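Before any comments, here is the structure.
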Amino acid sequence: MLLGTALLLMFLIASTFFGHYKPWKQSNDLNHFFMMLKNIGMCGHCLATIGFELPQTGAVPASHRSFHEMLEAYWATLRPYSWILQSSGMVLFTAPFLFSCLHYAMDINQLVGMIMEAGLGRCTARLCAVLVVMLLLVSSLLYMSGAAILVEMGALGFLTFLLVSTYFGHLKPYLQSGEKIHYLHIQKNLSLAGGCVMALGFAISEGCRS
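Everything in the sequence shown is counted per this note's numbering, starting at 640 for the first residue and increasing by one.
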């Protein structure tokens with residue numbers, strides 16, 4: 640799992656730089672910026688996963704090591720730094736959610752308009768918009784706290800936001816228009832949702848041990 644996660648992290652870094660950062664610098668297309676933020680969030684999840692898995696590795700005697708045992712021995716040397724990977728990864732994972740919170744808070748009327756497209760009235764849509772901003776802010780703070788029960792609550796908040804926003808913001812428009820950009824956002828949102836589910840698993844197991 641550690642090797643696969645490390646390879647995925649390298650792929651995300653390379654694809655973010657060449658696939659989104661460079662095109663964004665050339666065109667200032669906001670879609671590339673949002674994609675970049677989501678990739679940063681997934682990079683954070685990879686770092687946190689490595690950080691949580693490192694303590695499970697053990698040192699292997701030097702004699703007659705297989706390739707797998709050599710990898711285990713290498714990962715074991717990084718165990719003292721696992722908390723750094725956990726903390727930095729969890730902070731990076733919140734990046735797309737915190738930016739969305741800031742973006743919506745600075746232009747709440749845009750979010751109100753998006754919610755009204757789902758068929759809600761203006762007053763109800765405005766209330767929902769305020770709740771969305773509060774959900775993102777509180778969930779980010781809870782997730783970054785590091786306490787197992789608070790991480791669970793933060794991950795549940797993120798997961799709720801992702802499922803609702805993916806359905807109304809990308810899946811329905813994609814089914815109507817077939818635009819590829821919505822399909823890409825759906826893929827990345829599902830990856831972030833998977834990260835939330837994994838974070839729930841880690842947090843629950845940590846809570847059971849304590």
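Glycine residues also receive a C-beta, built at the ideal position from the N, C-alpha and C atoms.
All values reported here derive from a predicted model rather than from experimental measurement.
In this structure, Ser778 sits near Gly796, with a CB-CB distance shorter than 9 Å.
Taking the Cβ atoms as the reference, Cys740 lies roughly 16 Å from Ala794, outside the contact range of under 8 Å. Its Cα nearest to that of Met773, the residue His742 stands out among His742, Gly760 and Ser784. Between Phe650 and the set Met674, Ile825 and Cys682, the nearest pair of CA atoms involves Cys682.
Phe691 is the residue among Phe691, Ala764 and Asp746 whose C-alpha sits nearest the C-alpha of Gly728. Under the three-state reduction of DSSP, Glu818 is assigned to coil, being neither helix nor strand.
Rounded to the nearest whole angstrom, the CA to CA distance from Leu814 to Gly643 is 33 Å. Three or more Cβ pairs closer than 8 Å define a contact, and the segment 715-734 falls short of that threshold against the segment 743-757. Rounded to the nearest angstrom, the gap between the Cα atoms of Leu776 and Thr688 is 23 Å. Assigned with DSSP and collapsed to three states, Gly758 falls in coil, not helix or strand. Arg761 and Gly808 have their C-alpha atoms spaced approximately 18 Å apart. CA-to-CA, the gap between Met745 and Pro735 works out to about 15 Å.
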